[in-house]
Amino acid sequence: MKLPYFPGCTLYTRARGLDHSTRAALAALGIELEELPNWTCCGTAFPLAQDSYIGMVAAARILDSAAQHNGRLVTVCSFCYHVLKRVNHSIKNNAEARRKLNDYLEQGYGGETVPVHPLEILKHDVGFEALRARARGRLKGLKVACYYGCLLVRPAAEMAFDDPENPTIMEEFAAALGVEPVHFPYKTACCGSYQVLNAYDVVASRGREILAAAAAHGAQVLITSCPLCQFNLDWLQGRGEGTVLPALPVLYFTQLLGTALELPAEGLGFESHYVDPRPLLLG
Amino acid sequence: MAEEKEMVSIYIMGKQYRVPYGVTIMKAMEYAGYRFIRGCGCRGGFCGACGTVYRKPGDFRLKVGLACQTVVEDGMHLTQIPFYPANKATYNLEELTPTLATLLRHYPEMTRCLGCNSCTRICPQELQVMDYMAAAQRGDIAKAAHMSFDCLMCGLCASRCPAEIVQYNVALLARRLYGRHVAPRAEHLARRVEEIKAGKFDAEIERLMKMDRLELQKLYDARDIEP
Amino acid sequence: MYTPEMLESIKIVEQTRPRRLKETFPRLTPEEKDRLLRSFHPDHMPDAQRPVRVGPNKGDKMPHEHVGLLESRSMLDPDAFSLDRVDYDVDVLVIGGGGAGTSAALMAQEAGASVLLATKLRHGDANTMMAQGGIQAADKENDSPAIHYLDVMGGGGFSNIPELVAALVLDAPLCIQWLESLGCMFSKFPDGTMNTIHGGGTSRKRMHFAHDYTGAEIMRTLRDEARNRGIPVLEFSPAVELLTDEHGQCAGAVLFNLETQQYLVVRARTVIIATGGCGRLHIGGFPTTNHYGATADGLVMAYRAGAKLIFLEATQFHPTGVAFPEQILGQLVTEKVRGLGAQLVNAEGEQFVYPLETRDAVSSAIIRECRERGKGITTPSGRQGVWLDSPMIDIIHGKGTIERELPAMVRQYRRFNIDMTQQPILVYPTLHYQNGGILINERAETGVPNLYVAGEASGGVHGRNRLMGNSLLDIIVFGRRAGTNAAARAKTVQLGRLTLDHVRRFHEELAREGLLGQRTAPILLPDYRGRIV
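Just so you know, the sequences run in chain order F, B and W. Just so we're on the same page, my numbering is the position in the first sequence counted from 1, plus 53. Just so we're on the same page, my numbering is the position in the second sequence counted from 1, plus 13. Just so we're on the same page, my numbering is the position in the third sequence counted from 1, plus 33.
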């Protein structure tokens, strides 16, 4: 199966590991991601002012360009997924937004594209049972904290991804890989996000709490689909400012998937991690 | 000269002139009595000196073109934008690395792109300006360099950008980074330069320099030509 | 966009195309070429030229348009113009902001000189920007500077000055490497090997290119580098006269701010003229490929200061200028179109010349085809042309080649609703290049102390006919040499008092010959007011 794919800018720079592992792992499962021929930044932040349509134009154009391909558009970065999904929701459900955004588009767009996250593909297209058969227990017994952050699940009405208070799709995914998901109360807490730029203390205190809670519940690694969550939690520990010992590797869920599928580790982007997950994962 | 029936009316900075049908804006302005100092360079679509903004009757949209390449139409209102005070970073190319960080350090405003696509719509070269800027914004230097290659640096994109990005200068930096630091060096060229510096060809050239016309002509007529 | 009559003619071209794809038209023998040039080249038309009556080349024949300028008076009155206030005092003054001038400025600054670059239009508004086809350098295994030397001499009819040609071919690879190190995006193969092709008169594939924006790519790179290095540039400020000191050395120039109409006095220890060519003089009434400022200013100024000119009787007509559509009449259709395999074809759909003969020969053959043999194609405005069968390129090299290799050309024609990938294009010779110019030696020096010349304004290296790809090379080679040598000389120059004595003497000579009229030169810009040119 081929699906159009929107990587997002960060996956071309800091989060190459997320891009490479997503492409490689899905390819191993028979799903080929075809990058859109031309694409821009999604806008990164969904505009909070209700009448600020200009910040939605880029995402609208991306969705529009994908509409010519095949109803669905895959994107894995939590930020991109969040923005694309919410902009699409606005276009579908808000006539004013639809009209104003279409003034900027080269062709008419009414919200036909369906942004999908690889977790949804794994659940609905591949199937967790089929995944269980493919993952041959290489990581059996590994204790994994599934960290959603905020953007994947909230606001629930627009994201329609999973239960916003107690999502479970990532735990189901982890269980299918044969690892042991641990439940911890901070899995939808905010990591501090881009406060890292101007209020590092906020990110540091949030990060310590999240990591400590995961470790307290026995987690050996933490997985996420968000480049900024990954960076904040990983970098904090890289600076020696985490409080968890031993340090907790922070992985993209696709890196865990790739490892479980026994894909070559060189293609999964572990090199750029501050807390090297390889000793634990690859033994 | 053209008959009166083959004339059209154009408005140069609001002033009406009758000019021959079918000529370019540049030639029409000269016909109307202008002698360019600014706004006229190569006259062949390569230098970007003659960016022009115009509007046609009954259409609210502003259009752009190069005056030397765009044909006048009846009722056209126009003005030239021969200069745009654009931001240009300075740098020592040799010390730079071909990365997103380099682009951002010199042109931090490039992240302000809203994706409105005004730049692409206005480009007289029909380049995908927004898309090459998007490539630049994710550090894809090669793609930004290749997609922007046909840029004339006329400045019209920057004139319309709501984020005040100077696309053509970012693209120039991307191309120079690509040419200097990404594209592989030509090894045969480096070898030949060493040979020349070592004087390998000096004797042969000196021999040719001393030959008279007839000797040279003989050699020339007999030379083999690579197919 | 083509007329019904032209579309009928194109049908004939299409009919003969399959056969022509397998045919190679025989090359001219030296005798045939000689006869062709004598009978049909515009230089040899009766009444095209006359002897100049004053100055260092007194008695030499040149086109009327050059003679007219050389016999004109200065814009300045040497007795009234005040040189008391010096506006700029520099080591090296570079006049001209094209490829030669910018290369010179970069090298002079690198050599430690204080530099000022003055230019008539914007920095980079120059023929360099328009050069599409490529730049020659013998850097491949099967090639050598010696083979390049032979090609250059043969192309120039063996009239070239050997020392200049030796400098050109030996510096060529160094210059390409310099440009590569500045980040010029030459077309390369994935392993870094330069993609090189033939040009008219080359015996090896040594034409380096950057799609068909080669000159533009070089110019914008050099200009960017000059801006990064903070070289001071005065735009819209052409030089109108050189200055000399009482010993006859060049000592600076007078600039004219085109916008404020003020004169500026520049004292300089050395001066580099890099003012380019003369297309906008429309020699012989031909349209031209040249940029708006190509008015031979440097020749006029240097001539008054006592520099000798050479080969001005030889003007290069590019065989393939646009003959239709009228809006872009005379603009360049790069030689690369023929380099990639397109043939020249007459109204009967037949070839009449080997497409990669030297430019003078191809131009003459096209003129013969139209004028003597009556096998040209007539445009709606009554002009003549022959077909350049561009669709052959995609047939030979594969679909998409034209779009990829000639994007500027494709765009040029598409603007006027002609698809050159599907239909042939109509061409006729156009005024392209000044083969000669101010005589220099291999150090880019003229006979006037402290005065250097580089690029199209100079003469000698190309003899009477330049080959494609040697002008971009010329500007880099001699631009760099002029910059380096002028900076070195500036260190030891002792200037005397600034004067316009040479202008006064020149005016006296004009008066003696009865030529001191009202016409002034340089003309700086052509005057197209009230006309369609």
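Glycine included, each C-beta is placed from N, C-alpha and C at the ideal position. None of the values given here were measured: they were computed from a predicted structure.
**Study point:** Cβ distance (whole Å) where W:Val343 is taken to contact W:Gly190 below 8 Å
**Key:** The sequence given here has Ile at residue 343 of chain W, not Val. W:Ile343 to W:Gly190, Cβ: 14 Å. No contact.
**Outcome for W:Arg23 when other beta-carbon atoms lying within 10 angstroms are tallied against a minimum of 16** = Outside the displayed range of chain W (34 to 566) lies residue 23 of chain W, so it cannot be described from this structure.
N- and C-terminal bounds of the alpha helix (DSSP H) containing W:Ile316: The continuous stretches of alpha helix (DSSP H) do not include W:Ile316, and DSSP gives it neither H nor E.
Task: Coarse secondary structure for F:Phe52, derived from DSSP in three states - done: What is shown of chain F runs 54 to 336, which leaves residue 52 of chain F out entirely.
- Task: Flag this pair as touching only if the stretch 164 to 175 of chain W and the stretch 74 to 83 of chain B have three or more C-beta atom pairs under 8 Å; answer yes or no.
- Result: no
Shorter than 7 Å, the distance from the beta carbon of F:Glu324 to the closest heavy atom of the ligand ZN, or not? Looking for the ligand ZN in the displayed structure turns up nothing, as the structure carries no ligands at all.
**OP:** Say whether chain B places a C-beta atom closer than 8 Å to the C-beta of W:Asp422.
**Re:** no
Contact set for W:Glu402: own chain, Cβ-Cβ below 7 Å, skip 5 residues either direction:
Asn379, Phe385, Lys408, Gly409, Val419
task = Find the residues of chain F that neighbour B:Asp144, judging by a C-beta separation of less than 8 Å, and give them in chain order.
result = Asn91, Trp92, Thr93
What is the rounded straight-line gap between the Cα of F:Ser278 and the Cα of B:Glu108?
36 Å
- [ ] For W:Pro286, name the three-state secondary structure that DSSP assigns.
- [x] Before going further, note that residue 286 of chain W is Ala rather than Pro in the sequence given. It is a strand residue.
Open item on the list: Counting only C-beta atoms, is W:Pro352 closer than 8 Å to chain B at any point?
Closed with: Output row for W:Pro352: interface = no.
Quiz item: For the beta strand (DSSP E) that W:Tyr296 lies in, which residues bound it at each end?
Solution: 295 to 306
Looking only at its chain, what residues have a beta carbon closer than 7 Å to the beta carbon of B:Cys60, apart from the 5 residues adjacent to it on each side? Gly54, Leu165
Cβ neighbours of B:Gly57 in the same chain (closer than 8 Å, five flanking residues each side left out)
Here the set comprises Cys81.
(Q) Distance cutoff 8 Å, beta carbons only. Does F:Ala111 sit that close to anything in chain B? (A) Among the CB atoms of chain B, one or more fall inside 8 Å of the CB of F:Ala111.
Practice problem: Give the residues of chain B in contact with F:Arg114, contact being defined as C-beta atoms less than 8 Å apart. | Solution: Gly128, Asn130
> At a Cβ threshold of 8 Å, is W:Pro271 touching chain B?
Replying inline: no
Could you check the C-alpha separation between W:Gly312 and W:Ile426 for me, to the nearest Å? 30 Å
Just list the residues that DSSP pairs W:Pro89 with in beta bridges.
Answer by DSSP bridge pairing: none, since W:Pro89 is not bridged.
Going by beta carbon distance, what residues of the same chain come within less than 6 Å of F:Val386, once the five residues before and after it are set aside? As shown, chain F starts at 54 and ends at 336. That puts residue 386 of chain F outside it, with no answer to give.
Less than 8 Å between the beta carbons of W:Leu126 and W:Val299, yes or no? Judged by beta-carbon spacing, W:Val299 lies within the 8 Å limit of W:Leu126, meaning their Cβ atoms are closer than that value.
- request: Check each candidate in W:Arg118, W:Arg86, W:Val119 and name the one with the smallest Cα separation from W:Leu103.
  value: W:Arg86
Legend entry - Closer than 8 Å to chain B by CB, W:Val179: A quick correction: the sequence has Ala, not Val, at residue 179 of chain W. The beta carbon of W:Ala179 falls within 8 Å of a beta carbon belonging to chain B, placing the residue at that interface.
Going straight from the alpha carbon of B:Ala196 to that of F:Leu86, what length do you get? For B:Ala196 and F:Leu86, the distance between alpha carbons rounds to 27 Å.
Item to complete: Using a Cβ cut-off of 8 Å, pull out every chain W residue sitting near B:Val179, in sequence order please.
Response: Chain W residues near B:Val179: none, gap ~13 Å exceeds 8 Å.
Checklist entry - Does the beta carbon of F:Thr66 sit closer than 8 Å to a beta carbon anywhere in chain B? => result yes
Along the chain, where does the beta strand (DSSP E) containing W:Leu484 start, and where does it finish?
484 to 486
Report task. Within the same chain, show all residues whose beta-carbon is closer than 6 Å to that of W:Glu359, passing over the 5 residues directly before and after it, in chain order. Result -> Non-local C-beta neighbours of W:Glu359 in its own chain, meaning closer than 6 Å and more than five positions away in sequence, comprise Ser414, ordered along the chain.
Check: Where in the stretch 68 to 114 of chain B do unbroken runs of the beta strand (DSSP E), each at least 3 residues long, occur, reported from the N-terminal end onward?
Finding: 76 to 79, 89 to 93
Item to complete: Just tell me which of W:Ala137, W:Ala151, W:Asn323 has its CA closest to the CA of W:Tyr121.
Response: W:Ala151
query: Buried or exposed: which applies to B:Glu17, given that a residue is buried once 16 or more other Cβ atoms fall within 10 Å of its Cβ?
result: Because the pLDDT at B:Glu17 is just 46, under 50, the model does not fix this residue reliably, and the value given afterwards should be weighed accordingly. When all chains shown are included, B:Glu17 counts as exposed.
Problem - B:Arg205 at chain W interface by Cβ criterion, 8 Å - result: yes
Check your understanding: For B:Lys40, does the count of other Cβ atoms within 10 angstroms reach 16, so buried, or fall short, so exposed?
Key -> buried
Flag W:Gln376 as yes if its beta-carbon sits less than 8 Å from any beta-carbon of chain B, otherwise no.
-> no
Identify the continuous alpha helix (DSSP H) that holds F:Arg69 and give its terminal residues. 69 to 81
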